[in-house]
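To start, the structure under review is shown below, and the notes come after it.
Number of protein chains: 2
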Amino acid sequence: MNWKKRTAKCGELNKEQVGKSYVLNGWISSVRNMGGLIFIDLRDRYGIMQLVIEPENNAELAEKAKELKSEYVIWCEGKLRLRTSPNPKLPTGYVELLLDNYGVINKSELPPFEIADDIETNEEIKLRYRYLDLRRHSLQKNFIIRNRVYQTMHTFFDEKGFLEIETPILMKSTPEGARDFLVPSRINKGKFYALPQSPQIFKQILMVSGFDKYIQIAKCFRDEDLRSDRQPEFTQIDIEMSFVEKEDIFELIEEFIAKLWKNVLNIDVKRPFKKMKYQEAMERFGSDKPDLRFGMEIVDITEDMKNCEFKVFSEVIANNGRIALINAKNAAHYSRKQIDMLTEFAKKYGAKGLAYIKYDKGEINSPIAKFLTKEELDSITEKANAQDGDLILISSDEKERALIILGALRLEMAKQLGIIEKVKDDFSFHWVVDFPLFEYDEEEKRYVAMHHPFTAPKSEDMEFIDTNPEKLSAQAYDLVVNGAELGGGSVRIHENDIQQKIFKLIGLKEEEAEEKFGYLLKALKFGAPPHAGIALGLDRIVMMLAKTENIRDVIAFPKTTSGISIMDGAPSEVDEKQLKELHICLIKKEV
Amino acid sequence: MNWKKRTAKCGELNKEQVGKSYVLNGWISSVRNMGGLIFIDLRDRYGIMQLVIEPENNAELAEKAKELKSEYVIWCEGKLRLRTSPNPKLPTGYVELLLDNYGVINKSELPPFEIADDIETNEEIKLRYRYLDLRRHSLQKNFIIRNRVYQTMHTFFDEKGFLEIETPILMKSTPEGARDFLVPSRINKGKFYALPQSPQIFKQILMVSGFDKYIQIAKCFRDEDLRSDRQPEFTQIDIEMSFVEKEDIFELIEEFIAKLWKNVLNIDVKRPFKKMKYQEAMERFGSDKPDLRFGMEIVDITEDMKNCEFKVFSEVIANNGRIALINAKNAAHYSRKQIDMLTEFAKKYGAKGLAYIKYDKGEINSPIAKFLTKEELDSITEKANAQDGDLILISSDEKERALIILGALRLEMAKQLGIIEKVKDDFSFHWVVDFPLFEYDEEEKRYVAMHHPFTAPKSEDMEFIDTNPEKLSAQAYDLVVNGAELGGGSVRIHENDIQQKIFKLIGLKEEEAEEKFGYLLKALKFGAPPHAGIALGLDRIVMMLAKTENIRDVIAFPKTTSGISIMDGAPSEVDEKQLKELHICLIKKEV
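So the protein lines, in turn, are chains B and A. Reminder that position 544 of the first sequence reads as 543 in numbering that gives the first Met the number 0, one-by-one numbering, no gaps. Reminder that position 411 of the second sequence reads as 410 in numbering that gives the first Met the number 0, one-by-one numbering, no gaps.
This is the structure:
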């Protein structure tokens with residue numbers, strides 16, 4: 000071995016070890032030749048240590064050290080001493096290692112960007128040299144958090160008697176919801192495996208098997224057109240329990256989340272979490288994952304406008320639509336241009352326009368004021384609790400759309416007005432419950448399951464199953480924090496006949512249901528226990544704990560929004576021979 | 000909710016709780032109507048509880064209980080009391096629950112086989128109804144062991160400062176070794192991801208990134224023709240460390256294995272593990288994963304036969320072959336037919352025939368004796384330490400083949416003679432080291448890496464790299480127990496120029512190396528630290544701890560040797576539409 004093994008790590012030495020000798024291994028972060036002295040910052044995963052070479056005491060070493068460049072890997076040995084000018088910002092800032100000797104273990108070319116916490120380099124370069132980007136402590140910290148999440152999880156669920164069980168990655172294709180990634184089988188010609196969108200059915204089958212507490216860190220795959228916060232493969236904490244009700248899941252997960260936040264951020268999370276019905280979340284916040292850290296709630300003024308002569312409003316009312324508003328406090332200073340931009344923003348959510356009322360220095364300033372009676376205006380002012388300086392934004396549209404538009408505006412205004420910045424260290428956890436079981440898909444002209452077709456209807460709604468399926472509520476629940484969904488789950492159907500009915504209601508013919516989900520239907524015939532579960536988005540939890548909004552900051556080797564891994568070039572072309580073995584060929588032309 | 004939630008589990012009640020009332024949930028294992036009394040065995044993951052209904056005290060309940068059948072899921076409540084005739088074999092065998100009430104939660108059809116520990120049902124039926132097979136405690140026990148392995152691992156490596164990091168499942172295809180499973184990309188037309196055969200390159204890149212202690216429970220995939228102990232997807236405990244030598248890996252893994260065996264089997268494993276060179280393992284045991292629980296070592300008699308006139312031997316000697324033997328003690332009673340079967344067995348390993356010498360009741364009985372001189376026979380007897388009653392099996396062949404044949408015969412004889420049965424509770428762990436870096440592939444007419452092409456040569460052998468690459472030893476090591484390989488690893492190449500040389504030696508042209516492994520080569524240019532690692536076969540470790548030789552006993556949803564999941568029918572045919580979206584088509588005819 001032509002190098003000496005470390006006896007300590009860069010980040011763990013401090014005043015208490017002064018006077019002792021150490022060998023360190025690490026990367027050169029910087030070299031500063033200060034004439035009299037040579038200072039080297041040495042970096043490893045644990046921190047940074049300042050090394051010193053004194054030319055007057057070790058001229059040879061000082062001469063040799065001229066070879067040292069950034070990102071060289073070295074070993075070095077020397078004695079720890081106090082710095083003459085300490086850096087209190089660094090944990091190791093009071094000490095330095097006076098070198099007796101060192102050796103270069105491996106050289107480095109000049110890196111394409113500096114390895115520093117805050118760098119301005121385009122993402123493509125950083126992804127191409129991911130191994131260099133990952134050397135930055137500001138990014139490494141996220142993976143240390145991620146590891147803390149894993150370990151907290153392992154311990155927590157083990158203590159609760161859960162069993163970690165692996166479900167297959169190569170499974171049967173059952174396209175329901177998102178697209179499957181497919182894997183051609185070489186041995187079984189013309190057949191394909193699919194990568195799991197979630198281990199949903201397998202975990203239910205584990206419940207049928209009698210494993211009453213299951214957990215898995217599960218890799219899941221969705222072949223969707225990716226948004227910036229999505230990855231083709233992602234990780235979920237997958238949980239299922241038998242002989243429980245949804246309250247048992249709530250209690251378990253709340254305790255787990257509280258433990259996580261305590262372990263990682265040392266924050267005490269308030270419990271129990273609030274529960275809010277889906278309908279209420281939509282009506283008050285225009286979202287099924289409302290951010291409850293601030294108010295600015297949606298106010299319904301449909302009833303107040305029922306005799307309004309403003310055509311835009313009266314038409315909406317005639318079509319059973321909704322007229323509603325939010326009050327952006329102290330935003331009356333918004334210029335015409337700013338309001339135009341808000342209108343453009345609202346249009347992205349389907350708005351045709353955006354009405355507003357400014358309460359500006361005692362005056363009411365609004366293009367629609369002239370169409371409203373004084374009573375109508377007063378009623379708006381009162382309902383909105385509007386005061387001088389406020390800006391009211393009004394949406395009138397098909398009911399759900401109006402709410403969604405205002406929900407989006409509410410978040411946007413909170414950002415623009417600095418409200419989010421003020422609450423950025425708060426965490427407001429809650430459950431959204433009582434989702435509709437079905438949505439009606441206008442395109443496909445059929446009901447689709449809002450969560451998935453294995454979700455149990457609320458038992459008190461079962462009377463509607465044959466007559467008014469759209470009235471069924473689901474025993475489903477989403478865990479929401481600060482406007483982000485951390486996970487979702489449900490009580491599952493454990494009775495064969497109900498599962499069959501639900502498949503029928505979403506338009507699956509008996510043969511289709513049998514072909515796709517026959518094994519689940521069969522399993523439900525052999526004594527399936529009542530069961531419920533949840534899947535938490537691990538990546539999203541880590542993003543929340545690491546306070547980043549970029550999912551690529553919490554995945555070691557992420558893909559771009561085109562599904563490309565820039566570093567290694569996946570996906571790539573493969574040999575014709577490989578394809579032949581798999582009994583497939585490429586379609587050269589678009590068909 | 001039309002059922003009562005359990006207040007205890009079936010397996011956890013005993014004498015100490017007598018007199019208290021409980022609600023239980025579980026599956027009916029059996030119902031025995033004993034005239035005066037009805038006994039029901041109720042099963043859950045934790046054990047079995049006997050329930051009793053006394054018709055004289057609760058005639059209504061007794062009448063109702065006629066509905067109960069095997070595998071019905073019920074809730075029940077009652078008071079715990081002592082049994083009049085206890086069953087000391089069961090942990091709960093001293094108590095029973097006298098029922099006040101019960102309800103059926105879910106019915107079951109008649110299961111296709113009985114849910115009992117030892118059942119004789121063909122494997123296909125068991126796999127089709129995997130959820131019922133998994134209800135058997137004898138199978139569930141394996142998953143409880145498997146969970147204990149996970150949890151021991153999580154805790155052990157967390158305490159050592161390892162970080163659990165996930166590497167991608169959708170990666171670049173780099174066929175070197177086994178076949179890749181491919182995943183067509185919809186977004187990137189004509190391109191494919193591959194499923195990882197191991198996270199090898201990614202974990203090395205993590206070392207280049209400065210994460211100096213990495214661990215992952217990694218799903219790996221190999222599209223090979225499956226043997227009975229292989230699965231297309233399998234799990235490995237994947238470990239990598241920077242700034243270490245192989246001895247650091249040995250120490251870490253030995254401590255981990257000792258902890259595992261202690262936690263699961265309460266066995267103290269002897270440490271440090273023996274180290275044996277590959278060459279020695281081959282010479283003495285005819286295997287690179289020798290079973291060291293017993294002797295019966297291979298004895299080389301080539302030198303003793305150098306003047307032998309027996310043509311079979313003299314030809315082998317002329318071709319630089321090997322003549323060697325094993326002494327199967329006390330097997331002289333083997334009949335001609337038994338020896339013929341051993342010859343057939345040896346032929347599976349490439350033997351042309353099998354010579355033997357029986358030392359039977361003072362006489363030497365051997366078809367080859369007449370070709371040997373007395374000195375030669377004496378020399379064999381002495382070298383083999385043969386005594387009356389022994390059977391000597393002699394192989395003469397190309398050197399490696401002769402050793403492999405004897406290695407296989409050694410294991411077979413140990414099985415047949417009951418030696419394995421005697422040592423079945425022993426665990427003999429050791430490391431096999433100093434593997435050759437390359438093997439010469441006669442078919443492809445090139446060197447191939449014996450482990451993988453990222454394995455570092457021993458530094459003292461580096462002089463041969465340009466002249467005699469076949470002389471290079473690898474810094475590779477396998478962990479072996481009782482003749483099974485539990486894992487393998489190596490010190491990796493961390494220098495770009497050496498990695499390039501190795502690629503060249505295995506016949507990769509510069510462009511090919513660049514195309515396949517360019518990102519690794521590049522990463523090695525930016526200050527890669529010395530690193531080493533290992534991958535342990537999790538499935539195999541669990542098999543060893545659970546004392547099963549069937550890999551399907553330790554995987555929840557295994558596939559057959561044809562890669563089929565019988566329960567759900569994966570792989571399956573998919574829609575033409577799905578294939579079109581993926582820009583692929585099926586090859587209908589063989590080409």
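For every residue, glycine included, the Cβ atom is placed at its ideal position computed from N, Cα and C.
Minimum C-alpha distance to residue i - residue among the options
{"i": "glycine 352 (chain A)", "options": "A:Glu66, A:Ser394, A:Asn364", "result": "A:Ser394"}
{"i": "phenylalanine 344 (chain A)", "options": "A:Gln235, A:Glu362, A:Glu411", "result": "A:Glu411"}
{"i": "lysine 65 (chain B)", "options": "B:Lys382, B:Phe38, B:Leu81", "result": "B:Phe38"}
{"i": "arginine 5 (chain A)", "options": "B:Ile565, B:Asp247, B:Lys276, B:Cys584", "result": "B:Asp247"}
{"i": "lysine 274 (chain A)", "options": "A:Leu408, A:Met449, A:Glu253, A:Asp267", "result": "A:Glu253"}
{"i": "lysine 382 (chain B)", "options": "B:Arg127, B:His429, B:Ile297", "result": "B:Ile297"}
{"i": "glutamate 282 (chain A)", "options": "A:Leu251, A:Leu324, A:Phe312", "result": "A:Leu324"}
{"i": "arginine 551 (chain B)", "options": "B:Leu581, B:Lys125, B:Ile114, B:Ile216", "result": "B:Lys125"}
{"i": "alanine 555 (chain A)", "options": "A:Asn121, A:Lys140, A:Asp40", "result": "A:Lys140"}
{"i": "leucine 392 (chain A)", "options": "A:Lys373, A:Trp430, A:Thr342, A:Ile563", "result": "A:Thr342"}
{"i": "lysine 347 (chain B)", "options": "B:Val17, B:Glu223, B:Lys587, B:Ile403", "result": "B:Ile403"}
{"i": "lysine 106 (chain B)", "options": "B:Pro85, B:Ile27, B:Lys171", "result": "B:Ile27"}
Inter-residue spacing [alpha-carbon to alpha-carbon] between residue i and residue j
{"i": "asparagine 187 (chain A)", "j": "glutamine 337 (chain B)", "result": "40 angstroms"}
{"i": "leucine 12 (chain B)", "j": "valine 22 (chain B)", "result": "12 angstroms"}
{"i": "aspartate 132 (chain B)", "j": "phenylalanine 156 (chain B)", "result": "33 angstroms"}
{"i": "proline 111 (chain B)", "j": "arginine 400 (chain A)", "result": "53 angstroms"}
{"i": "phenylalanine 210 (chain A)", "j": "phenylalanine 293 (chain A)", "result": "42 angstroms"}
{"i": "tyrosine 213 (chain B)", "j": "leucine 416 (chain A)", "result": "44 angstroms"}
{"i": "aspartate 303 (chain A)", "j": "aspartate 433 (chain A)", "result": "29 angstroms"}
{"i": "aspartate 425 (chain B)", "j": "alanine 473 (chain A)", "result": "55 angstroms"}
{"i": "tyrosine 591 (chain A)", "j": "glycine 320 (chain A)", "result": "With chain A covering only 0 through 590, there is no way to say anything about residue 591 (chain A)."}
{"i": "glutamate 250 (chain A)", "j": "phenylalanine 272 (chain A)", "result": "9 angstroms"}
{"i": "serine 20 (chain B)", "j": "asparagine 32 (chain B)", "result": "23 angstroms"}
{"i": "methionine 340 (chain A)", "j": "leucine 390 (chain A)", "result": "14 angstroms"}
{"i": "valine 590 (chain A)", "j": "lysine 218 (chain B)", "result": "For valine 590 (chain A), the predicted model reports a pLDDT of 45, less than 50, meaning its position is unreliable and no value from the coordinates is stated."}
{"i": "isoleucine 238 (chain B)", "j": "alanine 534 (chain B)", "result": "6 angstroms"}
{"i": "lysine 3 (chain A)", "j": "lysine 258 (chain B)", "result": "30 angstroms"}
{"i": "serine 69 (chain A)", "j": "phenylalanine 233 (chain A)", "result": "34 angstroms"}
{"i": "arginine 445 (chain A)", "j": "lysine 508 (chain A)", "result": "13 angstroms"}
{"i": "glutamate 484 (chain B)", "j": "leucine 585 (chain A)", "result": "40 angstroms"}
{"i": "methionine 295 (chain B)", "j": "alanine 327 (chain B)", "result": "7 angstroms"}
{"i": "tryptophan 260 (chain B)", "j": "proline 452 (chain A)", "result": "43 angstroms"}
Inter-residue CB distance, residue i and residue j (contact presumed, cutoff 8 angstroms)
{"i": "arginine 129 (chain A)", "j": "methionine 542 (chain A)", "result": "Actually they are not in contact, since the Cβ atoms of arginine 129 (chain A) and methionine 542 (chain A) sit about 18 angstroms apart, beyond 8 angstroms."}
{"i": "alanine 512 (chain A)", "j": "leucine 520 (chain A)", "result": "7 angstroms"}
{"i": "isoleucine 118 (chain A)", "j": "arginine 134 (chain A)", "result": "Not really, about 11 angstroms apart at Cβ, beyond 8 angstroms."}
{"i": "tyrosine 358 (chain B)", "j": "aspartate 387 (chain B)", "result": "5 angstroms"}
{"i": "proline 468 (chain A)", "j": "leucine 504 (chain A)", "result": "5 angstroms"}
The ligand FMN heavy atom lying under 7 angstroms from the CB of residue i
{"i": "proline 111 (chain B)", "result": "In terms of ligand content, the structure shown is empty, and the ligand FMN therefore cannot be addressed."}
Inset, instruction - Report the residues of the segment 156-172 of chain A with a CB closer than 7 angstroms to any CB of chain B, ordered along the chain. - result: Asp157, Leu162, Glu163, Ile164, Glu165, Thr166, Pro167, Ile168, Leu169, Met170, Lys171, Ser172
Inset, instruction - Determine which residues of the segment 554-572 of chain A have a Cβ less than 8 angstroms from any Cβ of chain B, and write them out in chain order. - result: Ile554, Ala555, Phe556, Lys558, Ser561, Gly562, Ile563, Ser564, Met566, Asp567, Gly568, Ala569, Pro570, Ser571, Glu572
Legend entry - Contact list for the segment 522-555 of chain A against chain B, Cβ threshold 7 angstroms: Ala522, Lys524, Phe525, Gly526, Ala527, Pro528, Pro529, Ala555
Legend entry - Runs of beta strand (DSSP E) lying entirely within the segment 399-465 of chain B, each at least 3 residues, in chain order: 428-432, 437-440, 445-448
Inset, instruction - Counting only runs of 4+ residues fully inside the segment 188-215 of chain A, write out the alpha helix (DSSP H) ranges in chain order. - result: 199-207
Legend entry - the segment 232-259 of chain B: positions lying closer than 9 angstroms to chain A by Cβ: Glu232, Thr234, Ser241, Phe242, Val243, Glu244, Asp247
Legend entry - Length-filtered (3 minimum) beta strand (DSSP E) runs lying within the segment 204-273 of chain B: Entirely contained in the segment 204-273 of chain B, the beta strand (DSSP E) runs reaching 3 residues are, in chain order, 212-220, 232-241.
Inset, instruction - May I ask you to list, following chain order, the residues of the segment 176-189 of chain B that have a beta carbon less than 8 angstroms from some beta carbon of chain A? - result: Arg178, Asp179, Phe180, Leu181, Val182, Pro183, Ser184, Arg185, Ile186, Asn187, Gly189
Legend entry - chain B contacts from the segment 209-222 of chain A (Cβ-Cβ distance under 7 angstroms): Within the segment 209-222 of chain A, contact with chain B at the beta-carbon level (separation under 7 angstroms) is assigned to Gly209, Phe210, Asp211, Lys218, Asp222.
Inset, instruction - Note down, in chain order, all residues in the segment 133-145 of chain A with a beta-carbon under 8 angstroms from any beta-carbon belonging to chain B. - result: Leu133, Arg134, Gln139, Phe142, Ile143, Arg145
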